[in-house]
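Add 1 to a position in the sequence shown, counting from 1, and you land on the number used in UniProt numbering.
Cβ atoms here follow ideal geometry from the backbone N, Cα and C, with glycine treated the same way.
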Amino acid sequence: ALDALKDVVRKIARSSSIDKHLVDEVVKDIQRALIRADVNVKQVKEITDAIKKRALSDEPLKSLNPREHIIKIVYEELLKGVGEGLEIPLEKARIMLVGLQGSGKTTTTAKLAKYFKDRGMKTAVIAADTWRPAAYDQLKQLAESIGVGFYGEKGEKDAVKIVKKGLEELKDYDMIIIDTAGRHALEDELIKEMVEIEKVAKPDYKFLVLDAAIGQLASKQAQAFHDAIGIDGIIITKFDGTAKGGGALSAARQIQIPIAFIGSGERVDDLDRFDPAGFISRLLGMGDIKALLEKIERITQEEELDPEKFLKGEFTLKDVYKQIEAMNKMGPIRKIFEMLPLGMSVKVDDDALEMTQEKMKRFRVIMDSMTEEELLNPKIIDGSRIKRIAIGSGTSPQEVKELLKYYNTMKSLMKRMKKGRLPMKGLKMGF
Ligand code: GDP
Ligand code: MG
């Protein structure tokens, strides 16, 4: 079902013009694809509403054609829909896997062990599923075939004891992955055992293993496990065999737990770290969208303001220029300051920041008459330079001074924001 998203991209790419009709059609296609893939209905609505709204109102980046513009919006909104991935640093750690029976825990334990071994970590697994008789042999065999450490006790019924001893035996290993028992549902007994293992193992990561085929049910299941022991990340398995994978993806988003890995086959190599951007690109058809993404990356670097620099207060008139361009897209700067967290908000007590379209144009004309040196270092602009610039741009010295005042106000605001440790992330999009 998610495969249908590739067709949507192709449809956009082949369209002769982008109008409301096409946008409506595209939004419907995306809705259908997501719903069929079992993505939560409310989320589908959020994603497609956002696409529709932006498609009809966002100002396109200059160097993108209208088709590319729409594809970019689709890509960005879907990306928002899956949330962030979870990066696991290659450091000494313990991982505990939980999930229902048959979800793929034991297989995933082995896959993860291979993943970390391949990245140079001394890795071992602990077989703590004492409920399923074959579980010990299954994991032991897998561990041997991959060449990682193994601890288990055949016939021992006390999983907590196994974990305790296993951790002692395996203390020289960097990465230890604990496979636990699953049941058909989250029964009291399973919860109790899980909680006890957790206490003993003190895992750095508790991963919930979710079978992609359960679709919409994923969110209830994930929530239940999360309530019981607190989940750090989700591993979605069997993504290869189902059209309902959207259910697990959207469950992760709903309960705000990152997706760490995706399993897409029975072999120990069939595990990928969940990389949201790569994942969405593939859904939309890598070949079709890769070049576009590279182009956007390039343009964004050229066209947009560098937020890091912007906030460091190394703020020149050149930045004002870019900022004025950016403002066309994002609305008055005053609004942006109003969105800052409380306590950090800056009081803008005069109308120095009020920018009309007319004024923006005048400012640009004025800046066009400045030298590179003046743009980069506005301090040097003295009375005689002001006169020269005013004459050159067909404006008045008064207006040039007004621009300089605007620049100075912005600059001091930037400084104050910097002191307040502005959450860069939130602002990044705009500038
Ligand atoms: P557990 O009961 O949670 O330990 O589940 P298992 O690890 O024993 O896996 C149950 C079944 O699912 C096995 O037949 C696995 O081969 C299969 N399986 C696990 N992960 C995947 C996957 O990503 N793709 C496919 N196609 N099968 C998988
Ligand atoms: Mg198992």
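Nearest in C-alpha terms to L171, of all of F364, Y76, A202, L294, is A202.
The segment 33-104 contains, as complete alpha helix (DSSP H) runs of 4+ residues, the segments 42-58, 67-83 (chain order).
With a threshold of 16 other beta carbon atoms within 10 Å, D180 meets it and is buried. Not one heavy atom of the ligand GDP lies closer than 6 Å to the C-beta of G216. Close CB contacts of I48 within its chain, under the 6 Å cut and outside five residues either way in sequence, are with E78, G82 (chain order). Assigned with DSSP and collapsed to three states, D8 falls in helix.
Here S16 has L23, R68 as same chain residues with Cβ atoms under 7 Å from its own Cβ, once five neighbours each way along the sequence are excluded. Selection M176, Q102, R95 evaluated against M122 yields M176 as nearest (Cα-Cα). Relative to the Cα of I178, the nearest Cα in the group T238, E188, I236, A128 belongs to A128.
When secondary structure is reduced to three states using DSSP, V28 falls in the helix class. Secondary structure of A219 (DSSP, three-state): helix. F226 is positioned such that its CB atom lies no closer than 7 Å to that of L250.
Rounded to the nearest whole angstrom, the CA to CA distance from K46 to I13 is 20 Å. Using a Cβ distance threshold of 7 Å, D241 and G266 count as a contacting pair. Not one heavy atom of the ligand MG lies closer than 6 Å to the C-beta of A244.
Closest in C-alpha terms to G231, from the list Y206, A219, L284, T131, comes Y206.
If you ignore the 5 residues before and after E85, its C-beta comes within less than 7 Å of the C-beta of P259, P277, all in its own chain and listed in chain order.
For A128, the shortest separation between its Cβ and any heavy atom of the ligand MG does not lie below 6 Å. Relative to the Cα of I236, the nearest Cα in the group K362, L98, A186, Y116 belongs to L98. The residue among T124, Y137, S146 with its C-alpha nearest the C-alpha of E157 is Y137. Nearest C-alpha to E199 among V164, A219, D173: V164. Per the DSSP secondary-structure output, F262 pairs in a beta bridge with I236, R274.
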